[in-house]
Structures are given as C-alpha cells and as structure tokens.
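Some notes on the structure that comes next.
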Amino acid sequence: MTVVVENLPPLTWSNGAGQAEQTAGGEVVVTAAAGSDWTNDAFGGPQQHAATSLGFTPTEDFALSARVRVTSPRTTFDAGVLAIWGDRDHWAKLCFENSPQGQPMVVSVVTNTFSDDCNSTIVTDDHVFLRVVRSGTGWAFHSSRDGVTWDFVRVFRLDYDGPVNVGFLSQAPMGDTCVAAFDTIAYSTDVPGDFRNGD
C-alpha cells in the first residue's frame, strides 16, 4: 500500500520493496522478514542488507523524529529504526533494539564501508522517541523518553555525496519477524542549534 505521512516528502523503499501499512490514526507500521538486517561486519564478515527502509530523499537540512515501538514478541537484535541509506557501503541507523540480555536499548550504527556499532541508553518503557538531524554534511542522532527533552547519541559524517533515503525500518536478524510502529512523526527544516544538548 502507499504510505503518506503528513508534512513528509513522498516515501519510497530504499533497498527493494518491503511490507508497510498505515493505520487510520496515521501510525506507520513496518514489518521485517525473518533474518533481515543491515550490517557491514567490522571484522570483514559478509555484509547483510536484507532489510529495507521506507523513506524520503531530503533536499535540505532537516530533523525527523518519531515515537518507536516494537509490537511483536521481541527477539535478539530486533528493532524499530530511523534509517539513512546511501548505498551498501554508506548508511546509518538509530535503533530501538533488543539486546542479547533482553534489554531494549538505543543503539546506533554508522557505516562507511565497515559498520561502527554503539550501544547507548537502556529503555525501560515500551517505546522511545528517536530523532535524525542533518545539517550540511553532518548528521546527528538523539533519543528521548518524552519527545521534548533530547539526549545526544552521536554525531557523524557519511563519506557519500549522493542522494540518501531517510525513513523507517524494521529488522529481525535472529527472529521470524519484527513489527515496528512509528507515530508522533515530526519533520522540520529547523534543526537544533546545539547537537550536544539537542536544543
């Protein structure tokens, strides 16, 4: 089905067609296939790009945020994700991910040929707010409990000059599926003045 989010540019799949739907209330629900993930193993193992994101191609500086939940039974490394896709060697993702210890966490991955993977905040609620910001050639990731006060996750740059797809992804690297729901979606061309404090 066609998913249209108010105030967002048109959405397309980044890496082959995926499965998504939109509820009557505007929530975007993305369902991952078994074994789907993005990773470029830092130790040189096989790349994994079976997942695909539903997003838009930005043409200016922006901030995109959403409340993220996983509504299916959780499995290791499953996640609802805000994702940036340039190509197979240049991408990044900010995840509400289930750890091997069964703890939902904020996890970020930045890939310039190889993936730099970093765990951040443990999440005790059934949801978390995630935000992606682009300013010039730089990017920032933030997370929040309430969508008002933002915690810094990381800043980075992708070594990629082409167009990127920014949007919503679900992954299930070790499970049969992952159903990720995104609501309270906000898009703005006013970006934070201070990436470190999120304001």
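The opening position of the sequence shown corresponds to residue 2 in the numbering used here, with each subsequent residue numbered one higher. Ideal Cβ placement from N, Cα and C applies to all residues, glycine included.
- Within 10 angstroms of the beta-carbon of Asp79 lie 16 or more other beta-carbons, which makes it buried.
- In the structure shown, Asn16 adopts coil according to DSSP, grouped into three states.
- Per DSSP, Gln102 lies in no beta strand (DSSP E) segment and is marked neither H nor E.
- CA-to-CA, the gap between Phe153 and Val30 works out to about 26 Å.
- Residue environment: Cys96 is assigned as buried (16 or more neighbouring CB atoms within 10 Å of its CB, all protein chains considered).
- In this structure, Thr76 is the residue among Thr76, Ala67, Val107 and Met106 with its C-alpha nearest to the C-alpha of Ser37.
- Between Gly81 and Arg89, the gap from beta carbon to beta carbon reaches 8 Å or more.
- By the criterion of at least three beta-carbon pairs nearer than 8 Å, the region 104–112 is in contact with the region 120–129.
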